[in-house]
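In my numbering, the protein residues as written are 260 to 598.
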């Protein structure tokens, strides 16, 4: 069964969601990002991805683990583990939905992080097809703009959004009487829209990474290539590419105490493999050269995850290119590495 929803009914749909779930959607607040919505007027319908991904919702830049306090009979520990909430993410793009699956792989796979998992559970994804790509986008290099897994997927077909149903949770949402049956012409409009936008991405991208094993092996062979010295000379090691990336997941754990140690907190904060201190140990810094840190970051996206899980840890969102002060374009780097 195919359905559609009139654009004039979207607010009614979102109001119903807010009455039954915690709603997160794109807003503009200095940068474009996803926030918890209390007022529908705050939602912005952007034509493509936001500046900031979905990652901070589930893996925030600073996460408090627990607090300790000295009492009369010893220390009292209070855990900050979230109770969890039923949430709907509205307006997600394919690159960010794909990125969430990669984060799941790292944070809830072989080793399960309860602070991440608690935020991630009971999440419904309602994605939207981009109207046109940003200059830095290259999602088609990884297969396409629409992800394999979602609950509902909306595509603008004029006066309506065509709605693809990807899960039982999504099927329950379309039981509302504001949805209409879609016909074959609606289906054709949807396919044409997706094909047109993907064609625009491909024109700018001109790179195909879908042969995962072959491409990863080509990159792996270039471990001593001159490109790393070139990039090391211009990279400023600021870590912006790591912090803006929707799949980077490195962190540091710190204990913050008062002067007498009677109370304090343990917190997790994002870390970056581009920072000089990242690989510093008591014995040595085993990646003190900038070119080594640049290379490690690329390998950690296109070589190591393929060896471990059989997938890239990149979705082609292009945020690292947009954020880079040195003008490093990840697409150009990849072209050189697999040519």
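Note that the Cβ used here is the ideal one computed from N, Cα and C, for glycine as well.
For clarity, every value in this text was computed on a predicted model and none was experimentally measured.
(request) Spell out the partners DSSP gives residue 608 in its beta bridges. (result) It is not possible to answer for residue 608, since the shown part of the chain is limited to 260 through 598.
(request) Tell me, to the nearest whole angstrom, how far the beta carbon of residue 502 is from that of residue 531; I am working on the premise that it is less than 8 angstroms. (result) As a working mapping, residue 502 is identified with position 243 in the chain shown. As a working mapping, residue 531 is identified with position 272 in the chain shown. Yes, residue 502 and residue 531 are in contact; Cβ-Cβ is about 6 angstroms, under 8 angstroms.
(request) List the whole-angstrom C-beta distance separating residue 402 from residue 352, where the pair is believed to meet the contact cut-off of C-beta under 8 angstroms. (result) Taking the first residue of the chain shown as 1, we reach residue 402 at position 143. Taking the first residue of the chain shown as 1, we reach residue 352 at position 93. Contact doesn't hold; Cβ gap of about 14 angstroms is too wide.
(request) Report all residues from its chain with a CB closer than 8 angstroms to the CB of residue 307; omit the five preceding and five following residues, and keep chain order. (result) Along the chain shown, one-based indexing puts residue 307 at 48. So the list reads 352, 389, 390, 391, 392, 393 and 396, once near-sequence residues are dropped.
(request) Could you tell me which of 260, 496, 518 and 559 sits nearest to residue 507, measuring between CA atoms? (result) Taking the chain shown and counting its residues from 1, one reaches residue 507 at position 248. Closest by alpha carbon: 559.
(request) Give the straight-line distance between the Cα atoms of residue 579 and residue 414, rounded to the nearest whole angstrom. (result) Taking the chain shown and counting its residues from 1, the one referred to as residue 579 is at position 320. Taking the chain shown and counting its residues from 1, the one referred to as residue 414 is at position 155. Each residue's Cα considered, the two are about 26 angstroms apart.
(message) Assess contact between the segment 336-355 and the segment 300-318, defined as three or more Cβ pairs (one per stretch) separated by less than 8 angstroms. Is contact present?
(response) yes
(message) Contact between the segment 419-426 and the segment 354-368 is defined here as three or more beta-carbon pairs at a separation below 8 angstroms; is this criterion met?
(response) no
(message) What does the alpha-carbon distance come out to for the pair residue 277 and residue 363?
(response) Taking the chain shown and counting its residues from 1, one reaches residue 277 at position 18. Taking the chain shown and counting its residues from 1, one reaches residue 363 at position 104. Cα to Cα, residue 277 sits roughly 25 angstroms from residue 363.
(request) Only counting runs of 3 or more residues, tell me where the beta strand (DSSP E) segments fall wholly within the segment 479-556, in order along the chain. (result) 510-516 and 522-529
(message) Residues in the same chain with beta-carbon distance under 8 angstroms from residue 416, minus the five sequence neighbours each way, listed in chain order, please.
(response) Numbered from 1 along the chain shown, position 157 holds the residue referred to as residue 416. Once the five neighbours on either side are set aside, the close Cβ partners of residue 416 are 263, 445, 448, 449 and 452.
(message) Strictly by DSSP, which residues pair up with residue 440?
(response) Taking the first residue of the chain shown as 1, we reach residue 440 at position 181. According to DSSP, residue 440 bridges with 262.
(request) Return helix, strand or coil for residue 342, following the three-state DSSP convention. (result) Indexing the chain shown from 1 puts residue 342 at position 83. Three-state result, residue 342: coil.
(message) Considering Cα atoms alone, identify which of 293, 495, 486 and 537 is closest to residue 615.
(response) With the chain covering 260 to 598 only, the question about residue 615 has no answer from this structure.
(message) I believe residue 495 touches residue 584 by the beta-carbon criterion, under 8 angstroms. Please report the beta-carbon distance rounded to the nearest angstrom.
(response) Walking along the chain shown from the start, residue 495 turns up at place 236. Walking along the chain shown from the start, residue 584 turns up at place 325. Between residue 584 and residue 495 the Cβ distance is about 6 angstroms, and since that is below 8 angstroms, they are a contact.
(request) Please work out which residues of its chain come closer than 6 angstroms, Cβ to Cβ, to residue 428, disregarding the five sequence neighbours upstream and downstream, and give them in chain order. (result) Taking the chain shown and counting its residues from 1, the one referred to as residue 428 is at position 169. Answer for residue 428: 383 and 410, listed in chain order.
(message) Classify residue 293: buried if its beta carbon has 16 or more other beta carbons within 10 angstroms, exposed otherwise.
(response) Residue mapping note: residue 293 aligns to position 34 of the chain shown, counting from 1. Result: buried.
(message) Per the DSSP calculation, residue 329 is bridged to which residue(s)?
(response) Mapped onto the chain shown, residue 329 falls at position 70. 334, per the DSSP bridge assignment.
(request) Determine the direct distance from the alpha carbon of residue 483 to that of residue 552, and round the result to whole angstroms. (result) Here residue 552 refers to the residue found at position 293 of the chain shown. Here residue 483 refers to the residue found at position 224 of the chain shown. Near 13 angstroms, if we compare the C-alpha coordinates of residue 483 and residue 552.
(request) State buried or exposed for residue 339, treating a residue as buried only when at least 16 other CB atoms are found within 10 Å of its CB. (result) Taking the first residue of the chain shown as position 1, residue 339 is located at position 80. So residue 339 counts as exposed.
(message) Please state whether the Cβ-Cβ distance between residue 271 and residue 437 is less than 8 angstroms.
(response) Residue mapping note: residue 271 aligns to position 12 of the chain shown, counting from 1. Residue mapping note: residue 437 aligns to position 178 of the chain shown, counting from 1. In this structure, residue 437 lies closer than 8 angstroms to residue 271 by Cβ.
(request) Tell whether a beta-carbon distance below 8 angstroms holds between residue 500 and residue 533. (result) The residue given as residue 500 occupies position 241 in the chain shown. The residue given as residue 533 occupies position 274 in the chain shown. In this structure, residue 533 lies closer than 8 angstroms to residue 500 by Cβ.
(message) For residue 584, report the span of its beta strand (DSSP E) as first-last.
(response) Working through the chain shown from its first residue, we reach residue 584 at position 325. Careful: residue 584 lies outside any beta strand (DSSP E) and carries neither H nor E.
(request) Spatial neighbours of residue 514 within its chain, please: CB distance less than 7 angstroms, with the 5 preceding and 5 following residues excluded, ordered by chain position. (result) Along the chain shown, read from residue 1 onward, the residue named residue 514 stands at position 255. Here the set comprises 523 and 525.
(message) Whole angstroms are fine: how far does the CA of residue 321 sit from the CA of residue 461?
(response) Position 202 of the chain shown, counted from the first residue, corresponds to residue 461. Position 62 of the chain shown, counted from the first residue, corresponds to residue 321. Going from the Cα of residue 461 to the Cα of residue 321 covers about 36 angstroms.
(request) For the segment 457-472 and the segment 589-596, state whether three or more C-beta atom pairs, one from each stretch, are separated by less than 8 angstroms. (result) yes
(message) Can you tell me whether residue 422 is helix, strand or coil according to DSSP?
(response) As a first step, residue 422 must be located in the chain shown, where it is residue number 163. In the structure shown, residue 422 sits in a strand (DSSP, three-state: E or B).
(message) DSSP three-state label for residue 349, please.
(response) As a first step, residue 349 must be located in the chain shown, where it is residue number 90. The answer is strand: DSSP assigns residue 349 an E or B state.
(request) Could you spell out the range, first to last residue, of the alpha helix (DSSP H) harbouring residue 278? (result) What you label residue 278 is simply residue 19 of the chain shown in a count that begins at 1. 269-279 is the span of the alpha helix (DSSP H), which, as asked, contains residue 278.
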